[in-house]
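Data block below; observations after.
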Amino acid sequence: MKSLRRSASLLLPLILFGLSGPALAQRAELDTTRVYELDSITKTAERTSAIVARTTSAMSVLSPQSMHRLPSRSIADWLATAPGLSFFSLDGLGYDPQPVVRGFYGGGEAEYVQLQIDGVPFGDGESGLVNWNMLPLHSLASVEILRGGSSALFGDAALGAVINLVTDPDRRGGIVSVTAGTAVPFEAELSYGGTVADRQFHLFGDYGRIDGFRDNADREIASLGGSLNLLSTDKSKINLSTLHFLSDAAIPGPLFQDLAESTPTETLAYFRFDRVNEGIHTLGVSGNHRVWDDGQLSFRTTGKIRTTDVVETVPLSADFADTQQRDLTDINLSANIQLSTDLTFVPGTITAGIDASSAWIDTDYSALLTGTLDDYSAAPPQPASTLAAEGSGSRQTAAAYIHYSIEPASRLRITAGGRFDVLRDSFTPAGAESRNTTHTAFSPKVGANYRFVSHRNAVGNLYANVSRSFKAPTFDQLYDQRAIPVPFPPFQIALSSDVLEPQTGTSMEVGLYQRIQPISSDIAAEISLALYEINMKDE
-11 MKSLRRSASL
-1 LLPLILFGLS
9 GPALAQRAEL
19 DTTRVYELDS
29 ITKTAERTSA
39 IVARTTSAMS
49 VLSPQSMHRL
59 PSRSIADWLA
69 TAPGLSFFSL
79 DGLGYDPQPV
89 VRGFYGGGEA
99 EYVQLQIDGV
109 PFGDGESGLV
119 NWNMLPLHSL
129 ASVEILRGGS
139 SALFGDAALG
149 AVINLVTDPD
159 RRGGIVSVTA
169 GTAVPFEAEL
179 SYGGTVADRQ
189 FHLFGDYGRI
199 DGFRDNADRE
209 IASLGGSLNL
219 LSTDKSKINL
229 STLHFLSDAA
239 IPGPLFQDLA
249 ESTPTETLAY
259 FRFDRVNEGI
269 HTLGVSGNHR
279 VWDDGQLSFR
289 TTGKIRTTDV
299 VETVPLSADF
309 ADTQQRDLTD
319 INLSANIQLS
329 TDLTFVPGTI
339 TAGIDASSAW
349 IDTDYSALLT
359 GTLDDYSAAP
369 PQPASTLAAE
379 GSGSRQTAAA
389 YIHYSIEPAS
399 RLRITAGGRF
409 DVLRDSFTPA
419 GAESRNTTHT
429 AFSPKVGANY
439 RFVSHRNAVG
449 NLYANVSRSF
459 KAPTFDQLYD
469 QRAIPVPFPP
479 FQIALSSDVL
489 EPQTGTSMEV
499 GLYQRIQPIS
509 SDIAAEISLA
519 LYEINMKDE
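Using this note's numbering, you'd call the opening residue of the sequence shown number -11 and step up by one each time.
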C-alpha cells in the first residue's frame, strides 16, 4: 500500500526575553563585551558535532534555559514545545504520552519515533514503545530532536523523528523539586553532580504517586540513575552510566459515551483488572579517544533488563470483552563503534560506524476472564488464571553506516551517506517448531545547506534533502501469541503475522533556519520552517 504525506511545520518567532534593570540603565553606551549566541551544536543530526543551522535536516535543540522559562512538568511537556512534535495523553494527566510527528502515530501499539538516552536507543524489545517517564526532567542537559526520516544514520523506526535525551555528566551542584496537589498528591525530583576521588559524577532520581482523575487510574513511578567518569585525559574519556526505573500503573480504559458525559470518573467493570507493572535496569560504558589530530574513535556498550506484568482487556464489542495477563522478560545488549575524521586525500569529513544488538524475549499469556459486563462485575478481585500460550525468541540486528560532509564554498555545505541494516527474528512457541524471519534495508540520504545571510545579529540558512527510511515490523507484530476469541471456527485468531514486510518511506524536504537578534536589544527571534513530502510503501 502506498500513501502520500505532505505537510509543513513552522516555529514563528519564538521570543526569548532576558531583560534586566541594570542592563537597561547602562544602554547609553554599546556593550562591546556582550556575547551573541547565534548557533547551537548537535551530535544527533550527523552522529558527530555539527552546527544546527548548517545541518541538512530539520533539527531542534532544547536547552535547560527554555525548560525553566516554560511551565514544563514532564519531558513530554518540554518536547511538545519543539516545532512539528506533539503528544496525546492517554491518561489525561500527561503520564502516558503518545508522540505524533509528521503525521506518524503508532496509537500505543508501535513507535515511529526512535528515543535515545545519551545516544542509546531505548525502545521496548517486543514493540519498540517508549516509557517517556524514565528520566526526571531536571536530569537533562539538553534534548536534540531530529525530525524526518533518519534511517540513513539510525536505522529502524527513525521515520518520524529521532529524539536524544542528553543527561548532564558534568553537572555541578544540585536541584530538588517537590510538587503536591489534588490530582498529583506527590512528586519529587533530585539531580546532583560533583566530584568524588577526583572523578566527576552525576546522580538523579525521582518518585511520583498519582491518584488519577478516574477510578482505577492510580500510578506510582520511581527512577534512580547516574553517571561516573572512569577516565579523563587530553585524548581519552570513559564514562559508566546506569538507570533503574519502576512503574506500577492502573489503566481505566474507555467509557461509553453516555457515561463519559454523566460520570466521567467512572471505570467500566471490563477494565477493573487492567494494570501495567514494569521494571527497567540498565548499565552502560561509553567513551571516546582522539586517535590523531582530526580523528576521533568512540564506542558504547549497554545492557538492559526489562520485566513487565501486564493485564489488558480487549473489548470485542460493547457487550463482550476478553482479559489476559502477560508476563514478559526482555534482555538486550547493544554496542556501537564509530570513527569520525577529516580526510587528507580529498576535502571533507567522514563518519563511519557499526551498530549491533541482541534481544532475548520470554513471554507467556494467561487467560483471566472473558464475558459480558455482568460477568466482569461479578468476578472476584483476583480471578484465577489459566496459561494460554508461552514461548521465547530473539531479535539480532547489525548495521553499517557512513556519512560524508564537504564545504565546497564558505556558505555551502553538502552531505551524503547511507546505512545497511540486517534484522533477524526468531520465535519458538512452547511445543512447536521455531519460526524465523530476516529483513534487510538500505537507507541513503543526500542534502545541502546554504547560508544566505551571516551577520553577528542575524543568521539565515536554507537546506534541502532527499532520503529513504524504513520501519521493520516489531517482534509482536510478527509473533505475538495473544489469541482473540471469535464466535466461529477456529474460535480464536491472532493479529500477528510473520509475513509482514518493513514499511519504507521516500521523503523530500526543504527548510529554513533564521535567527535575528538586534544589536541594541536583548530580544532574539528564531524562525524554523520545513516543507516536506513522504511517499510511504507497505504502510
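Note that beta-carbon positions come from the ideal geometry of N, C-alpha and C, so glycine has one too.
By the Cβ criterion, the region 476 to 489 is not in contact with the region 429 to 447, since fewer than three pairs of Cβ atoms, one from each stretch, lie closer than 8 Å.
Non-local beta-carbon contacts of Ser115 in its own chain, meaning distances under 6 Å to residues more than five positions away in sequence, involve Thr462, Asp464 in chain order. When Cβ pairs closer than 8 Å are counted between the two stretches, the region 445 to 461 is seen not to touch the region 354 to 371, the count staying below three. When the beta-carbon positions are compared, Val89 and Ala38 stay at least 7 Å from each other. When the beta-carbon positions are compared, Arg456 and Ser422 stay at least 7 Å from each other.
With respect to the 7 Å criterion, Arg383 and Tyr353 are not classified as neighbours on the basis of their beta carbons.
Thr255 is the residue among Leu147, Thr255, Asp246 whose C-alpha sits nearest the C-alpha of Ala238. The Cβ atoms of Ile63 and Leu103 do not sit closer than 7 Å to each other. Judged by their CB atoms, Val118 and Leu50 are not nearer to each other than the 7 Å cut-off. Non-local beta-carbon contacts of Thr403 in its own chain, meaning distances under 6 Å to residues more than five positions away in sequence, involve Thr44, Ser393, Gly435 in chain order. Contact between Ala387 and Phe408 holds: their C-beta atoms lie close to 6 Å from each other, under 8 Å. Per DSSP, reduced to three states, the secondary structure at Glu421 is coil, with no helix or strand assignment.
Ala513 is positioned such that its CB atom lies closer than 7 Å to that of Ile504. For the region 275 to 359, the continuous beta strand (DSSP E) assignments of 3+ residues that do not extend past its boundaries occur at 283 to 305, 308 to 330, 337 to 359, in sequence order. With three or more CB-CB distances shorter than 8 Å, the region 175 to 193 counts as touching the region 153 to 163.
Judged by DSSP secondary structure, Met55 falls within the alpha helix (DSSP H) whose first and last residues are 52 to 57.
Between Tyr467 and Gly381 a beta carbon distance of about 6 Å is seen, short of the 8 Å cut, so the two are scored as contacting. From the listed residues Arg288, Gly113, Gly200, Trp280, the smallest Cα separation to Leu228 is found for Arg288.
A distance below 7 Å separates the beta carbons of Asn320 and Lys292. Going by beta carbons, Thr329 and Asp281 fall outside the 7 Å limit. Residue state for Ile63 is assigned as helix, using DSSP reduced to three classes. By the Cβ neighbour-count rule, Ser250 is exposed, with fewer than 16 other Cβ atoms within 10 Å of its own.
Cα atoms of Arg260 and Ala205: separation of roughly 10 Å, rounded to the nearest angstrom. Sequence-distant partners of His269 (beyond 5 residues in either direction) whose C-beta falls short of 6 Å from its own C-beta, in its chain, are His232, Ile293.
Taking Leu123 as the centre and dropping the five residues before and after it, the same chain places the C-beta of Ile63, Ile105, Leu153, Thr155, Phe192, Ser211, Gly213, Leu231 closer than 8 Å to its C-beta, in chain order.
Separation of Pro490 and His443 (C-alpha to C-alpha, rounded to the nearest whole angstrom) is 45 Å. The residues Leu411, Ala460, Pro490, in chain order, have a CB closer than 6 Å to that of His427 in the same chain once the five nearest residues on each side in sequence are set aside. Looking only at Leu400, Thr425, Gly379, the smallest Cα-Cα distance to Ala418 is reached by Gly379. Collapsing the DSSP output to three states places Phe92 in a strand. Boundaries of the beta strand (DSSP E) around Ser130: 128 to 135.
Counted as a single uninterrupted DSSP element, the stretch harbouring Gln505 is not any alpha helix (DSSP H), since DSSP gives it neither H nor E. When DSSP reads this structure, Gln480 sits in a beta bridge with Pro473. The shortest C-alpha to C-alpha distance from Val101 to any of Ala145, Gly181, Ser345 is the one to Ala145.
According to the DSSP assignment, Leu141 belongs to no beta strand (DSSP E) but to the alpha helix (DSSP H) extending over 139 to 142. If you look at Tyr180, you'll find it in the beta strand (DSSP E) that goes 174 to 184.
Within the same chain, and ignoring the five residues on either side of Leu219 in sequence, the residues whose Cβ sits closer than 8 Å to its Cβ are Lys225, Ile226, Gly275.
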